[in-house]
Amino acid sequence: MLHGDLDHPATLSVADLREWEQHRTEVVFDCATNGPQHHVFEGPLLRDVVAGAGPAFDARRRKDRSRFLLAVSGGDGHHTVLAWAELDEDFGGSPVLLATRLDGEELDEAGAQLVVPSDRCGARYVSAVTHVWFGALAAPDL
């Protein structure tokens, strides 16, 4: 489920995500319990999927875009947060994926996986993604 401050929230399956342009990334991350992990992931860029849903910001205003966050939840109860600026090409441009394939295997049954290639450990990799919430950080009331 893709929801939040979006013009077109959606519920997307792994098959739906395959309709987006697929990107491939080879990653190595150091897992505290299993040591270094080497994997190849394929899937659409998270920024493309969110952009397709119509994020509620003025794309011409960088400072407006930099207030937005993404909260990603997985079927195993794991959650993580990303800043839109990490993904936005005018800022970090990180190629974060919603992976549809892992090491050549389709993830239809397991569910899409969030992949953050720049991370040295796999803590922000979320398996069986169930929700991607997109929204703005509000200024605190003083």
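In this text, residue positions in the sequence shown follow the working numbering: the first is 1090, and each later residue adds one.
Positions of the beta carbon are idealized from the N, C-alpha and C atoms, including for glycine.
* Exposed or buried, what is G1132 when buried is set at 16 or more other beta-carbons lying within 10 Å of its beta-carbon? -> Start at 1 with the first residue of the sequence shown, and residue 1132 comes out as number 43. Note on G1132: 16 or more other CB atoms within 10 angstroms of its CB, so buried under the neighbour-count rule.
* Asked: Between R1156 and the rest of its own chain, which residues show a CB-CB distance below 7 Å, the 5 nearest in sequence each way excluded?
  -> The residue given as residue 1156 occupies position 67 in the sequence shown. Its chain contains A1225, L1226 as the residues whose beta carbon lies nearer than 7 Å to that of R1156, once the 5 sequence neighbours on both sides are disregarded; these appear in chain order.
* beta-carbon R1136 near the ligand FAD non-hydrogen atom, thresh 7 Å -> In the structure shown, the ligand FAD is absent, as is every other ligand, since no ligand is present at all.
* With DSSP collapsed to three states, give me the class of R1136. => Here residue 1136 corresponds to residue number 47 of the sequence shown, with the count starting at 1. Helix at R1136.
* Asked: Near F1180, which residues of its chain fall below 6 Å by C-beta distance, leaving aside the five closest residues on each side in sequence?
  -> As a working note, residue 1180 is residue 91 in the sequence shown. A1174, listed in sequence order.
* Is DSSP giving L1226 helix, strand or coil here? -> Taking the sequence shown and counting its residues from 1, one reaches residue 1226 at position 137. Residue state, collapsed to three classes: coil.
* Asked: Starting from V1204 and walking both ways along the beta strand (DSSP E), at which residues does that stretch end?
  -> The count along the sequence shown starts at 1 and reaches residue 1204 at position 115. For V1204, the uninterrupted beta strand (DSSP E) run begins and ends at 1202-1204, by DSSP.
* **contact_flag[the region 1112-1122, the region 1154-1171] where n(CB pairs < 8 Å) is 3 or more** => These segments do not touch.
* V1185 beta carbon less than 8 Å from that of G1176 -> Sequence index remark: in the sequence shown, residue 1176 carries index 87 (1-based). Sequence index remark: in the sequence shown, residue 1185 carries index 96 (1-based). In the sequence under discussion, the amino acid at residue 1176 is Leu, which differs from the Gly named in the question. Yes, these two residues count as a Cβ contact at 8 Å.
* Asked: Does the pairing of the region 1123-1137 with the region 1199-1210 give three or more beta-carbon distances under 8 Å?
  -> Verdict: yes, contact present.
* Pairwise C-alpha distance: K1152 and A1104 -> As a working mapping, residue 1104 is identified with position 15 in the sequence shown. As a working mapping, residue 1152 is identified with position 63 in the sequence shown. A straight line joining the alpha-carbon of A1104 with that of K1152 spans about 34 Å.
* Provide the residue(s) that pair with T1219 in DSSP beta bridges, ordered along the chain. => Here residue 1219 corresponds to residue number 130 of the sequence shown, with the count starting at 1. Under DSSP, no beta-bridge partner is assigned to T1219.
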